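Numbering (the numbering used here), first residue to last: 6 to 160.
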(Lines of atoms letter the chains of each structure in order from A and count residues from 1; the text may use other names and numbers.)
(Lines give C-alpha, C1' and ligand atoms only; values in the text may rest on other atoms or scores of the structure.)
Protein backbone atom coordinates (compact mmCIF):
# COMPACT_ATOMS: atom_id res chain seq x y z
CA UNK A 1 0.00 0.00 0.00
CA UNK A 2 3.14 2.18 -0.08
CA UNK A 3 2.54 3.87 3.30
CA UNK A 4 5.90 2.90 4.77
CA UNK A 5 7.74 4.05 1.65
CA UNK A 6 5.93 7.41 1.62
CA UNK A 7 6.58 8.04 5.31
CA UNK A 8 10.23 6.99 5.01
CA UNK A 9 10.71 9.20 1.92
CA UNK A 10 9.17 12.24 3.61
CA UNK A 11 11.33 11.78 6.70
CA UNK A 12 14.48 11.38 4.59
CA UNK A 13 13.63 14.42 2.46
CA UNK A 14 13.52 16.46 5.66
CA UNK A 15 16.77 14.99 7.01
CA UNK A 16 14.93 13.19 9.79
CA UNK A 17 16.75 9.93 10.41
CA UNK A 18 13.96 8.09 12.20
CA UNK A 19 13.28 4.37 12.38
CA UNK A 20 9.90 3.13 11.15
CA UNK A 21 8.04 0.53 13.22
CA UNK A 22 5.28 -0.77 10.98
CA UNK A 23 1.99 -2.38 11.99
CA UNK A 24 2.71 -4.89 9.24
CA UNK A 25 0.68 -7.74 10.57
CA UNK A 26 -2.42 -6.62 12.45
CA UNK A 27 -4.98 -9.40 12.54
CA UNK A 28 -8.68 -8.75 13.04
CA UNK A 29 -9.32 -9.89 16.60
CA UNK A 30 -11.85 -9.80 19.40
CA UNK A 31 -8.87 -9.33 21.73
CA UNK A 32 -8.81 -5.59 20.95
CA UNK A 33 -12.15 -5.23 22.77
CA UNK A 34 -10.93 -3.94 26.15
CA UNK A 35 -8.90 -1.19 24.46
CA UNK A 36 -11.78 -0.21 22.18
CA UNK A 37 -14.12 -0.06 25.17
CA UNK A 38 -11.70 2.10 27.15
CA UNK A 39 -11.18 4.39 24.16
CA UNK A 40 -14.92 4.61 23.44
CA UNK A 41 -14.42 3.38 19.87
CA UNK A 42 -17.63 2.91 17.88
CA UNK A 43 -16.23 2.15 14.40
CA UNK A 44 -15.43 -1.57 14.66
CA UNK A 45 -16.36 -2.43 11.06
CA UNK A 46 -14.25 0.34 9.52
CA UNK A 47 -11.27 -0.74 11.61
CA UNK A 48 -11.65 -4.42 10.61
CA UNK A 49 -11.30 -3.50 6.91
CA UNK A 50 -7.69 -2.49 7.63
CA UNK A 51 -6.91 -5.74 9.44
CA UNK A 52 -5.90 -9.16 8.19
CA UNK A 53 -8.21 -12.19 8.49
CA UNK A 54 -7.02 -14.15 11.53
CA UNK A 55 -6.44 -17.35 9.55
CA UNK A 56 -4.39 -15.89 6.73
CA UNK A 57 -0.71 -16.86 6.89
CA UNK A 58 0.03 -15.83 3.31
CA UNK A 59 -1.47 -12.33 3.61
CA UNK A 60 0.42 -11.79 6.86
CA UNK A 61 3.73 -12.78 5.32
CA UNK A 62 3.05 -10.67 2.21
CA UNK A 63 2.31 -7.65 4.41
CA UNK A 64 5.58 -8.13 6.29
CA UNK A 65 7.53 -8.61 3.04
CA UNK A 66 5.91 -5.47 1.58
CA UNK A 67 6.72 -3.30 4.59
CA UNK A 68 10.31 -4.51 4.78
CA UNK A 69 10.64 -3.85 1.04
CA UNK A 70 9.30 -0.32 1.54
CA UNK A 71 11.90 0.40 4.23
CA UNK A 72 10.37 -0.54 7.58
CA UNK A 73 13.04 -0.92 10.24
CA UNK A 74 10.83 -3.00 12.55
CA UNK A 75 7.60 -4.92 12.07
CA UNK A 76 4.81 -5.62 14.55
CA UNK A 77 2.66 -8.75 14.81
CA UNK A 78 -0.60 -8.10 16.65
CA UNK A 79 -2.09 -9.80 18.69
CA UNK A 80 1.13 -11.42 19.78
CA UNK A 81 -0.09 -14.75 21.15
CA UNK A 82 -2.30 -15.39 18.15
CA UNK A 83 0.59 -14.56 15.83
CA UNK A 84 3.25 -16.87 17.27
CA UNK A 85 3.52 -18.77 13.98
CA UNK A 86 3.93 -15.54 12.01
CA UNK A 87 6.57 -14.26 14.45
CA UNK A 88 8.50 -17.52 14.04
CA UNK A 89 8.21 -17.50 10.23
CA UNK A 90 9.18 -13.82 10.00
CA UNK A 91 12.31 -14.22 12.10
CA UNK A 92 13.29 -17.31 10.10
CA UNK A 93 12.80 -15.62 6.71
CA UNK A 94 14.04 -12.14 7.72
CA UNK A 95 16.65 -12.77 10.43
CA UNK A 96 18.05 -9.22 10.19
CA UNK A 97 14.71 -7.48 10.79
CA UNK A 98 13.39 -7.01 14.33
CA UNK A 99 9.91 -8.42 14.86
CA UNK A 100 7.87 -7.09 17.78
CA UNK A 101 4.96 -8.93 19.35
CA UNK A 102 2.13 -6.69 20.50
CA UNK A 103 0.52 -8.29 23.55
CA UNK A 104 -2.87 -6.59 23.27
CA UNK A 105 -5.43 -5.51 25.87
CA UNK A 106 -7.61 -8.61 25.51
CA UNK A 107 -4.65 -10.91 26.05
CA UNK A 108 -3.84 -8.94 29.21
CA UNK A 109 -7.49 -9.05 30.33
CA UNK A 110 -7.53 -12.81 29.83
CA UNK A 111 -4.55 -13.25 32.17
CA UNK A 112 -6.00 -10.82 34.71
CA UNK A 113 -9.35 -12.61 34.71
CA UNK A 114 -7.76 -16.04 35.05
CA UNK A 115 -5.62 -14.98 38.00
CA UNK A 116 -8.41 -13.01 39.72
CA UNK A 117 -10.63 -16.10 39.55
CA UNK A 118 -8.03 -18.55 40.85
CA UNK A 119 -7.31 -20.32 37.56
CA UNK A 120 -3.68 -19.19 37.34
CA UNK A 121 -1.00 -17.36 39.26
CA UNK A 122 -0.71 -13.86 37.78
CA UNK A 123 3.06 -13.51 37.99
CA UNK A 124 3.73 -16.98 36.60
CA UNK A 125 1.27 -16.66 33.71
CA UNK A 126 2.56 -13.21 32.70
CA UNK A 127 6.19 -14.35 32.69
CA UNK A 128 5.29 -17.55 30.79
CA UNK A 129 3.50 -15.45 28.18
CA UNK A 130 6.49 -13.13 27.70
CA UNK A 131 8.89 -16.09 27.47
CA UNK A 132 6.60 -17.74 24.89
CA UNK A 133 6.60 -14.61 22.72
CA UNK A 134 10.40 -14.45 22.93
CA UNK A 135 10.71 -18.19 22.22
CA UNK A 136 8.69 -17.71 19.01
CA UNK A 137 11.35 -15.22 17.92
CA UNK A 138 10.03 -11.81 18.97
CA UNK A 139 12.87 -9.32 19.20
CA UNK A 140 10.77 -7.22 21.57
CA UNK A 141 7.35 -7.18 23.18
CA UNK A 142 4.87 -4.33 23.47
CA UNK A 143 2.59 -4.96 26.45
CA UNK A 144 0.38 -3.19 28.96
CA UNK A 145 2.06 -5.30 31.66
CA UNK A 146 5.38 -3.39 31.64
CA UNK A 147 4.90 -1.93 35.16
CA UNK A 148 4.00 -5.34 36.62
CA UNK A 149 6.90 -7.05 34.83
CA UNK A 150 9.35 -4.44 36.09
CA UNK A 151 8.08 -5.01 39.63
CA UNK A 152 8.51 -8.78 39.22
CA UNK A 153 12.05 -8.38 37.92
CA UNK A 154 13.05 -6.00 40.72
CA UNK A 155 11.48 -8.06 43.54
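We put the beta carbon where it would ideally sit given N, CA and C, even for glycine.
Fair warning: this is a prediction, and the values are worked out from it, not measured in the lab.
(1) Could you check where the beta strand (DSSP E) with residue 109 kicks off and where it finishes?
(2) Distance, Cα to Cα, residue 135 vs residue 146?
(3) So which of 133, 128 and 137 has the shortest CA-CA distance to residue 160?
(4) Would you call the CB atoms of residue 90 and residue 9 closer than 8 Å?
(5) Quick check: the Cα distance between residue 115 and residue 74, rounded to an integer number of angstroms?
(6) Kindly give me the distance between the Cβ atoms of residue 29 and residue 77, rounded to whole angstroms, as I take these residues to be in contact under 8 Å.
(7) In terms of residue numbering, what span does the alpha helix (DSSP H) encompassing residue 129 cover?
(8) In whole angstroms, what separates the C-alpha of residue 67 from that of residue 143?
Here's the rundown:
(1) Premise fails: residue 109 is in no beta strand (DSSP E) and is neither H nor E.
(2) 8 Å
(3) 128
(4) no
(5) 35 Å
(6) 7 Å
(7) 127-141
(8) 18 Å
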